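Protein chains in written order, with the working numbering: chain D, 1 to 338; chain C, 339 to 667. Backbone N, C-alpha and C fix where the C-beta goes; we use that ideal spot for every residue, glycine too. In this text, all values refer to a predicted model and were calculated from it rather than measured experimentally.
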Amino acid sequence: MAILRFLLRRLVLVVPLLLAVVFFTFMLVRIGGQDPVARIAGPTATQGEIETIRSELGLDKPLFAQFAIYLGLVARGDLGRSWISNRPVLSDIVERVPVTLELMLWGVGIGALVGIPVGLFAASRPNRMFDQLSRGISLLGFSIPTYWLGLVMLFVFFYLLDWAPPGMGRVSLMLTPPPRVTGSYLIDGLIAADWEVVHSAAAQLVLPVLCVAIISAAPIIKQTRAIALEVSASDYVRYARAAGLPRRQVQQMVLRNSRTPVITYVGTELTGLVGSTSLIEYVFAWGGLGQYGLNAIIAGDFVAIQGYVLFLAMFSVIVFVVVDLAVMILEPRAALQG
Amino acid sequence: MSLLEVEDLHTHFIARGLDNRIRTARALNGVSFALEAGRTLGLVGETGAGKSLTALSIMGLLRAPARIVAGAIRFEGRDLVGASEDELNALRGGSIALIVQSPRTSLDPLTRVGDQLIAVHRAHRQVDAAAARERAIAMLASVGIPDPARRMNAWPHELSGGMAQRILIAMALINEPRLLIADEPTTGLDVTVQAQVLDLLRRLVREKGIGAIVITHDLGVVAHYCDDVAVMYAGSIVESGSVRAVFGDPRHPYTRNLIASTPEKLQVDRGRRPAVPPPNLYALPDGCHYRDRCPDAAELCAQAPPWIAVGDPGHCARCHFASRQGTAA
């Protein structure tokens, strides 16, 4: 019951939030100063042709009238058509969501699986060698530019060592992708029992997932360590020590009280990375949402940009609702406040 | 043999500064006192005088960069300064219990209070879960919590400050400690609740013959609830004795100032005493540490003052002029 009420309240809040996102994205791309029409029409187009295209796209109408039309479309579940490919933006996005999710979930999943224990262990022995080492590694992970990491990975593991396949998409070009069920070639390959595809898809995943894991593990280590240290210094942990509870019980107390802030942090990390992994997708020709968004921005394809940003916002909302639900289950205080 | 004997205890904070030079804050400079079973000692003094640090040193709860550099802490004749972490952990919450000033934040927010009581009991006693539960309920009843069996299921955030402090008292006493240290036990509580909690504490301490140390800023608390008092300044005890002797005839100028600055006296005295910053523990003056702030400082005070017994048996003060009858109070 409490969970239903919570979801309803969240839903009510989400509507104005998404409206604001739609509005600001719409306005921001248009006050950017570039004229997309000239670019779409090409260098040889006459002034007349440019004006024709402009009125076809509705760009000759006043800004707020354009927005009203767009909002009307969005309200009906239509994100418009790309100015470049003339394909519907919604179906382009829906098609790419699992592609990016596959990369993100594996990457952040592995990043968290490694980063959380490392952070916790470092915090349990602060300033000792392991702690210093983990802080150094984490700093390194922070400092490495994403795209550069991808390029170095390809250079080392494909070009020099030949351990990994080239960064040319999600499955070897020699193979036919499996029939689409989930959109993840790995899972779809398993469903179709096409082992060659499964093998190739897994091999293609390794390097980009490793990149995402590395760039997500760095801040996860840092945050987990900080959270666990803060909990260790809390009144209740100090009191537990003063009450002579065995060391293991005190450690469990630290772990349990670190759980919700760490989960919340990983959620934030996940939403942040969906945008910033565009470059990794680009380097590995992953063809996911990030690459789609990047291409839309480079091409000045306003409709596609708007759809992309709206999706990012919705993704964040979904992640935070999931995080909040997890916190509700884990925290007696949150559960009571509903 | 006293229940607790603290002898010439020195606890320092030793850390490297930003300039990479080692800096030492001499937080405790030779604290000595003894506590008999069944008596309650009030430890008073301004913030930073070393009251809580004395408690943490006794319980072996110091964390880097704080460290005991010299002295002895004998609990029932056993020196705790060299004791291993396991030995100390067995004493903490068992024979030596602590009550702190922030009861609400001192309970684990993710564990029901009953389970916390049971955990503390079972950490020190070989009892099964049912017996521990029964014991916990009995303890809750003894600290005056209504409907204790139901309260076992309460979460810490559901408790008022006074209720949380009662639970902490129950937790401290569940293993029948012989020494109880209460560090500002009522600071965060409403005035009416303060009196209730202190009355309860006094009753339980008397009933069970526990030796207790009450750390407080509040001289009123000491006057009402303690047998003896020790006044701390800059990491050492400057005066101690029975409450009646020390408050009735204070011999150290710091004690006199402390008594003079209690709220009911402030009215009269306001404006007379200039505000002086607390002593710099990194560079304490030679001789009497109170010299810089003392209204009666003289040449002689450049030498370390002796510990002088005065009047009432057990009443001592660390001042060259302690045998002189006080005037400032």
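In this model, Arg180/D and Val114/D are separated by some 31 Å (Cα to Cα). The criterion of a C-beta distance shorter than 9 Å is not satisfied by Val407/C and Phe371/C. Taking C-beta separations shorter than 8 Å and ignoring five residues to either side along the sequence, the partners of Ala568/C in its chain run Phe371, Leu379, Gly380, Leu381, Val382, Ile575, Glu577 and Ser578, following chain order. Among the bridge pairs identified by DSSP, Thr392/C is matched with none. Ranking Leu538/C, Leu518/C and Leu455/C by CA distance to the CA of Ser433/C puts Leu518/C first. Just so you know, the alpha carbons of Ala285/D and Thr25/D end up roughly 26 Å apart. Residues are counted here when their Cβ sits less than 8 Å from a Cβ of chain C; for the segment 224–236 of chain D these are Ser234, Asp235 and Tyr236, given in chain order. In the structure shown, Trp148/D falls within a helical segment according to DSSP collapsed to helix, strand and coil. Chain-ordered, the chain C residues with CB closer than 8 Å to the CB of Pro246/D read Asn427 and Ala461. Spanning the alpha carbons of Trp493/C and Ala502/C requires a straight line of approximately 10 Å. Against chain C, the CB of Gln204/D has no partner CB under 9 Å away; the residue lies outside that interface. Residue state for Ser440/C is assigned as coil, using DSSP reduced to three classes. If you compare the alpha carbons of Ile221/D, Thr268/D, Val321/D and Val254/D with that of Pro447/C, the shortest gap goes to Val254/D.
As a beta-bridge residue in DSSP terms, Pro88/D pairs with Arg81/D. The beta carbon of Met509/C falls within 9 Å of a beta carbon belonging to chain D, placing the residue at that interface. Residue range Leu342 to Arg354 is occupied by the beta strand (DSSP E) that includes Glu343/C. The Cβ of Gln251/D sits no closer than 9 Å to any Cβ of chain C. Secondary structure of Glu384/C (DSSP, three-state): coil. In the DSSP assignment, Thr362/C falls outside any alpha helix (DSSP H) and within the unbroken beta strand (DSSP E) covering Ile360 to Leu373. Residues are counted here when their Cβ sits less than 7 Å from a Cβ of chain D; for the segment 440–453 of chain C these are Ser440, Thr443, Ser444, Leu445, Asp446, Pro447 and Leu448, given in chain order.
Beta-bridge partners of Tyr571/C (DSSP): Ser574/C. Contact check between the segment 243–254 of chain D and the segment 294–310 of chain D: fewer than three CB pairs, one atom from each, fall below 8 Å, which does not count as touching. Residues of the segment 465–479 of chain C that bring their beta carbon within less than 8 Å of a beta carbon in chain D are absent altogether. Using beta-carbon distances, Leu120/D does not count as an interface residue toward chain C, since no partner is under 9 Å. Asp566/C is classed as buried because its beta carbon has at least 16 other beta carbons within 10 Å across all chains shown. Put simply, the segment 465–473 of chain C does not touch the segment 422–439 of chain C. Fewer than three CB pairs are less than 8 Å apart.
Distance from Val648/C to Arg589/C at the Cβ level is roughly 5 Å; contact confirmed, criterion being Cβ atoms closer than 8 Å. Counting only residues of its own chain and dropping the five nearest sequence neighbours on each side, Asp301/D has a CB closer than 7 Å to the CB of Ser82, Trp83 and Ile84. Contact annotation for Val458/C against chain D: Ala243, Gly244 and Leu245 [CB-CB distance below 8 Å, chain order]. Contacts between Leu436/C and chain D, judged by CB atoms closer than 7 Å, involve Ala242 in chain order. With distances taken between CA atoms, Val560/C lies nearest to Thr524/C out of Thr524/C, Ala487/C and Gly415/C.
Between Ala242/D and Leu366/C, the C-beta spacing is not below 9 Å. Taking a beta-carbon distance threshold of 9 Å, Pro261/D does not count as an interface residue toward chain C. Ala404/C places its beta carbon less than 9 Å from that of Thr349/C. Met477/C and Ile512/C do touch by the CB rule: their CB atoms are close to 5 Å apart, below 8 Å.
Proximity of His495/C to chain D, defined by a Cβ-Cβ separation below 9 Å, is satisfied.
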